[in-house]
Amino acid sequence: MSLNIMTSKEVTRKVFNKEELFILDVRNESDFNEWKIEGENFQYLNIPYFELLDGVEEILEKIPSNKDVLVVCAKEGSSLMVAEMLSEEGLEVFYLQGGMKAWSEHLEPVKVGDLTDGGEIYQFVRIGKGCLSYMVVSDGEAAVIDSTRMTDVYLEFAKSIGVNITNVFDTHLHADHISGGRKLAEKTNAAYWLPPKDATEVTFSYNALEDGNEVMIGSTAINIHALYSPGHTIGSTSFVVDEKFLLSGDILFIDSIGRPDLAGMAEDWVSDLRESLYTRYRELSEELIVLPAHFMIIDELNADGSVTERLGVLFAKNHGLNIKDENEFRKLVTENLPPQPNAYQEIRQTNMGKINPDEEEQREMEIGPNRCAVR
């Protein structure tokens with residue numbers, strides 16, 4: 431039978447379209463349990479590669495013949511070898527190009543809305559990591575918000591739609607992934623914006639993103655209003671774009687809220703987090719479409735693969751926005767938290783400019799699931 435390659439983009443379409451897929455993951459059990467490719471109609475079999483070195487005969491009856499079968503490993507090599515063994519046994523299977531490292535880095539652009547005076551806003555879904563970044567486009571110019579380190583994706587997309595990137599923003603100092611903001615700004619000669627309260631230790635120059643900032647994108651009336659909303663970090667800043675969209679950074683997600691402990695300041699920042707969510711956000715229009723910087727679970731994806739929801743709906747349905755007792759809220763965001771992101775201290779130092787790991791080291795630092803939220 432034949433042996434086929436499946437790309438991360440092709441797997442992403444299967445996630446978005448809720449298609450069936452059988453995944454044979456040949457990584458170690460601990461790696462699989464911590465982080466895997468998720469899809470609503472995906473089935474899984476985890477058999478570590480070393481258990482298959484003598485052959486695949488014992489698992490043949492576990493492999494379905496009526497759906498696509500994808501073999502997955504960390505970097506590709508092991509999955510290719512297992513896929514070849516299965517093919518020799520007469521099965522038609524795929525292996526994931528680039529393995530889980532490629533899955534971690536794939537970005538899928540999704541249009542999430544039009545702007546009042548022309549222009550659009552796009553969400554870049556980092557499906558394997560749960561990161562969300564944005565491009566606001568108007569009159570030939572673009573702003574990128576919360577860029578990942580895979581900056582070529584934004585450059586190529588901007589070129590494909592005929593716009594120049596003129597402004598790059600980070601809503602806060604990220605701790606779970608390496609920001610591509612500075613690099614993207616350098617490549618495009620764009621202005622780079624960062625909240626100054628998160629930038630006290632950075633080693634580079636930046637534009638201070640502060641409450642009340644308005645930045646024009648293009649010549650049309652596209653205002654990006656900075657809304658100081660501390661809690662996840664002391665400098666966390668949200669944006670209201672075109673009076674339609676609320677880019678909430680890591681403060682508010684669709685099914686959860688941001689955690690305040692990644693700078694070691696949970697007890698100090700929990701009051702700021704509550705103030706941002708329960709007072710500042712309550713003053714905003716409930717018609718705003720919330721565009722967060724992360725998603726936590728695959729169920730947060732809409733039918734088109736985007737991650738969005740009206741603010742009023744979140745006020746009604748998001749548990750983190752409906753805890754009346756302050757002590758109960760404090761317990762939620764300071765106790766029994768999920769594990770902290772892999773290498774989050776090193777990621778923070780990288781984003782401050784204090785260390786400069788090479789490309790492979792950056793990949794290793796980011797491997798694993800999104801862990802910015804509490805539910």
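Under our numbering, the sequence shown is numbered contiguously, ending at residue 805. Note that CB positions come from ideal geometry on N, CA and C, so glycine has one too. On a predicted model such as this, the values are computed, not experimentally measured, just so you know.
Please go through the same chain and pick out, in chain order, the residues whose beta-carbon is closer than 7 angstroms to the beta-carbon of K505, but skip the five residues on each side of it. Only residues of its own chain outside the window of five on either side were considered, and among them G529 and K531 have a CB closer than 7 angstroms to the CB of K505, listed in chain order.
Note down the Cα distance separating Y636 from T618, rounded to an integer number of angstroms. Pairing Y636 with T618, the inter-Cα distance amounts to about 15 angstroms.
Taking the alpha carbon of L490 as the reference point, which residue from V512, I728, L676 and F472 has its own alpha carbon closest? When only C-alpha atoms are compared, the closest one is V512.
Are I719 and L703 closer than 9 angstroms when you measure CB to CB? In this structure, L703 does not lie closer than 9 angstroms to I719 by Cβ.
Outcome for T633 when other beta-carbon atoms lying within 10 angstroms are tallied against a minimum of 16: T633 comes out exposed.
According to DSSP, simplified to helix, strand and coil, what is F759? Residue state, collapsed to three classes: helix.
Buried or exposed: R443, going by 16 or more other Cβ atoms within 10 Å of its Cβ? Around the beta carbon of R443, a 10 Å sphere encloses fewer than 16 other beta carbons of the protein chains shown; the residue is thus reported as exposed.
Anticipated Cβ contact below 8 angstroms, S678 with L721, distance rounded: Taking C-beta atoms under 8 angstroms as the contact rule, S678 and L721 qualify, at a distance of about 7 angstroms.
Bridge partners for F538 per DSSP, in chain order? The question names Phe, but residue 538 in the sequence shown is Glu. Residue pairing of E538 in beta bridges, as defined by DSSP: V555.
Between the C-alpha atoms of D606 and D680, what's the straight-line distance to the nearest angstrom? The C-alpha of D680 is placed about 11 angstroms away from the C-alpha of D606.
DSSP beta-bridge partners of S563: According to DSSP, which records beta bridges pairwise, S563 is partnered with F554.
Start and end residues, beta strand (DSSP E) containing F452: Counting along the chain, the beta strand (DSSP E) containing F452 begins and ends at L451 to D455.
Return helix, strand or coil for A620, following the three-state DSSP convention. If DSSP states are grouped into helix, strand and coil, A620 belongs with coil.
Does the Cβ-Cβ distance between L714 and G750 come in under 9 angstroms? Against a cut-off of 9 angstroms, the Cβ pair of G750 and L714 comes out as no contact.
Which whole-angstrom value describes the C-beta separation of E538 and F524, a residue pair presumed to lie in contact below a C-beta threshold of 8 angstroms? For a cut-off of 8 angstroms, the C-beta gap from E538 to F524 is around 19 angstroms, too long to register as a contact.
Report the CB separation of N474 from D455 in whole angstroms; it is logged as a contact under 8 angstroms. Residue identity differs from the one stated: residue 474 is Tyr in this sequence, not Asn. Sure, about 6 angstroms apart at Cβ, within 8 angstroms.
For I557 versus S438, is the C-beta distance shorter than 9 angstroms? At a Cβ-Cβ threshold of 9 angstroms, I557 and S438 count as neighbours.
Spatial neighbours of V583 within its chain, please: C-beta separation below 6 angstroms, excluding the five flanking residues on both sides. The residues are L537.
Per DSSP, F446 is paired with what? According to DSSP, F446 bridges with nothing at all.
Please classify Y584: does DSSP put it in a helix, a strand, or coil? Note: Y584 maps to helix in three-state DSSP.
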